[in-house]
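The structure appears right after this line, and notes come after that.
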Amino acid sequence: MAAEGDEFRFARTFSFSPLPMKKFSFLQDKNTLALLMKWSMLGRISAHSYSFDNNFCPHSSERFALSFFRDPE
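For the sequence shown, this note's numbering gives the first residue as 1362, with consecutive numbering after it.
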């Protein structure tokens, strides 16, 4: 069982910063917009982009995901 301090250090391995000015081309594509409208999802779906402060490695994907969902921002 990990000590409380170890768990906190594990959770803070990555820090994330929002990138509010990032534009997603798929959300500006006419065909995509038509499909979103067809499925009643236009205006109900959004995408967000973040930068992070450490290198991502596939073997640390669980740590990355936990850090993302526990990040206070």
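Backbone N, C-alpha and C define an ideal beta-carbon position, used for all residues, glycine too.
Note that the structure is predicted; figures quoted are calculated from it, not measured.
_Could you tell me the alpha carbon to alpha carbon distance between M1362 and F1417, rounded to whole angstroms?_
Looking up residue 1362 in the sequence shown gives position 1. Looking up residue 1417 in the sequence shown gives position 56. In this prediction, M1362 scores a pLDDT of 47, lower than 50, which makes its location untrustworthy; the coordinate-derived value is nonetheless stated afterwards. In a straight line, the C-alpha of M1362 is about 26 Å away from that of F1417.
Best match in T1393, H1409 and S1376 for proximity to K1440 [C-alpha to C-alpha]: Shown here, the chain extends from 1362 to 1434; a query on residue 1440 therefore has no answer.
(Q) Once DSSP output is grouped into helix, strand and coil, what is the label at F1430? (A) Residue numbering aside, residue 1430 sits at position 69 when the sequence shown is read from its first letter. Reduced to three states, the DSSP call for F1430 is helix.
Exercise for review: Under 8 Å by Cβ, that's how I've got F1375 and N1415 pegged, so tell me the actual separation to the nearest angstrom.
Suggested key: Within the sequence shown, the letter at position 14 stands for residue 1375. Within the sequence shown, the letter at position 54 stands for residue 1415. Contact flag correct, Cβ pair sits at about 5 Å.
Check: Going by the beta-carbon positions, is the gap between Y1411 and L1380 smaller than 8 Å?
Finding: Within the sequence shown, residue 1411 is the residue found at index 50, counting from 1. Within the sequence shown, residue 1380 is the residue found at index 19, counting from 1. Contact flag set, yes.
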